[in-house]
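Residue numbers (the numbering used here): 291 to 534. A virtual CB, placed ideally from N, CA and C, is assigned to each residue, including glycine. The block underneath contains the structure these notes are about, expressed in structure tokens.
Written as structure tokens, this is what we have:
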């Protein structure tokens with residue numbers, strides 16, 4: 291099917307207030323574990339491979355995760371980072387601080403439309419100075435959360451960045467092994483937990499220690515509030531080639 295036909299079909303309300311399904315075509319930049327399913331997100335892409343708005347597909351569940359059945363392609367495979375995915379949607383479901391959320395049409399399949407390469411994805415990087423508000427740290431993190439009281443002032447909950455001095459640290463946090471990304475961005479240092487399913491599995495299979503990554507992009511997500519804070523997580527780790 292030609293690109294212009296599947297890029298984006300706007301939705302809205304039909305006669306009598308009936309919801310009219312629409313589609314968004316995105317490049318997958320986040321694929322992280324969430325409850326019993328996944329949280330996925332990406333940026334829209336057009337026929338000239340120009341990137342647009344962030345989209346996070348969500349389900350009707352209270353915790354909004356996407357099940358395996360809901361996200362599976364027709365051939366039975368799962369979306370991967372850098373896939374171009376056409377997703378049937380029903381309506382926006384904004385919930386602070388996540389303004390990018392859209393409710394999926396759970397009756398319809400997601401469609402794989404191709405993929406983008408390392409060079410192409412560079413133009414999707416967000417030109418920001420810092421990762422939202424800083425100065426709040428979790429027990430094992432650094433600048434890795436935003437107080438719930440400040441969440442309403444946050445603009446957007448997804449960023450694609452190119453960090454400096456990235457190291458993946460694997461170790462025990464509160465009796466559970468975790469993988470955490472430690473890096474510099476702008477003038478600040480960050481220590482943020484990895485929830486990218488593939489990256490987390492890759493590093494947790496290694497011994498405890500620190501693993502430098504010389505070249506990577508990170509998708510940073512801002513979660514919904516829990517116990518007074520919105521946690522920042524690394525929901526996508528994108529590298530040129532095999533994960534180091």
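Find the nearest neighbour of residue i within the set the options, judged by alpha-carbon distance.
{"i": "residue 354", "options": "335, 327, 340, 344", "result": "327"}
{"i": "residue 420", "options": "309, 312, 475", "result": "475"}
{"i": "residue 463", "options": "488, 439, 473, 498", "result": "498"}
{"i": "residue 438", "options": "364, 339, 388", "result": "388"}
{"i": "residue 479", "options": "400, 423, 350, 515", "result": "423"}
{"i": "residue 522", "options": "445, 530, 513", "result": "513"}
{"i": "residue 356", "options": "412, 477, 325, 469", "result": "325"}
{"i": "residue 511", "options": "313, 435, 410, 372", "result": "435"}
{"i": "residue 351", "options": "500, 374, 371, 392", "result": "392"}
{"i": "residue 431", "options": "363, 532, 359, 473", "result": "473"}
{"i": "residue 385", "options": "515, 530, 332", "result": "515"}
{"i": "residue 447", "options": "345, 489, 309", "result": "345"}
{"i": "residue 528", "options": "408, 342, 440, 444", "result": "408"}
{"i": "residue 317", "options": "526, 489, 371", "result": "371"}
{"i": "residue 488", "options": "526, 309, 500, 477", "result": "526"}
{"i": "residue 530", "options": "461, 410, 468, 486", "result": "410"}
{"i": "residue 403", "options": "334, 358, 323, 461", "result": "334"}
{"i": "residue 532", "options": "493, 340, 517", "result": "493"}
{"i": "residue 358", "options": "433, 321, 339", "result": "321"}
{"i": "residue 477", "options": "339, 433, 343, 500", "result": "433"}
How would you label residue i, buried or exposed, when you count the other beta carbons within 10 angstroms and need 16 or more for buried?
{"i": "residue 415", "result": "exposed"}
{"i": "residue 504", "result": "exposed"}
{"i": "residue 406", "result": "buried"}
{"i": "residue 291", "result": "Because residue 291 carries a pLDDT of 35, less than 50, the predicted location of this residue cannot be relied on, and no value is offered for it."}
{"i": "residue 442", "result": "exposed"}
{"i": "residue 502", "result": "exposed"}
{"i": "residue 376", "result": "buried"}
{"i": "residue 315", "result": "buried"}
{"i": "residue 495", "result": "exposed"}
{"i": "residue 534", "result": "exposed"}
{"i": "residue 466", "result": "exposed"}
{"i": "residue 453", "result": "buried"}
{"i": "residue 491", "result": "exposed"}
{"i": "residue 365", "result": "exposed"}
Would you mind reading off the limits of the beta strand (DSSP E) that contains residue i?
{"i": "residue 359", "result": "It is not in any beta strand (DSSP E) - residue 359 instead sits in the alpha helix (DSSP H) that spans 358-361."}
{"i": "residue 329", "result": "327-335"}
{"i": "residue 376", "result": "373-382"}
{"i": "residue 346", "result": "341-348"}
{"i": "residue 314", "result": "312-324"}
Could you name the residues of the same chain whose beta carbon sits closer than 7 Å to that of residue i, not counting the 5 residues immediately before and after it, in chain order?
{"i": "residue 471", "result": "456, 458, 482, 484, 508, 524"}
{"i": "residue 450", "result": "319, 414, 415, 416, 507, 509"}
{"i": "residue 361", "result": "328, 330, 368, 369, 400"}
{"i": "residue 445", "result": "none"}
{"i": "residue 305", "result": "Confidence at residue 305 is low in this model, with a pLDDT of 46, below 50, so the placement of that residue is unreliable and no value is reported for it."}
Just to confirm my understanding: we take residue i, look at its own chain, exclude 5 residues before and 5 after, and list those with CB closer than 8 Å. What are they?
{"i": "residue 311", "result": "301, 378, 379, 380, 395, 398"}
{"i": "residue 519", "result": "426, 428, 435, 436, 437, 438"}
{"i": "residue 383", "result": "348, 354, 391, 392, 393"}
{"i": "residue 418", "result": "449, 451"}
{"i": "residue 341", "result": "317, 333, 334, 335, 413, 414"}
For residue i, which residues in the same chain have their Cβ closer than 6 Å to its Cβ, ignoring the five residues on either side in sequence?
{"i": "residue 299", "result": "Unreliable placement is indicated for residue 299, whose pLDDT of 39 sits below 50; the coordinate value is still reported in the next sentence. Only 312, 313 meet the Cβ criterion."}
{"i": "residue 323", "result": "485, 487"}
{"i": "residue 461", "result": "498"}
Report the start-end ranges of each beta strand (DSSP E) in the region 389-455 that is 3 residues or longer and not cut off at the edges.
391-394, 401-405, 435-437, 448-451
Segments of 3+ residues assigned as beta strand (DSSP E) that fall wholly inside the region 447-499
448-451, 454-463, 466-475, 478-483
List in chain order: all unbroken beta strand (DSSP E) runs of 3+ residues lying wholly within the region 495-534.
499-503, 507-516, 519-528
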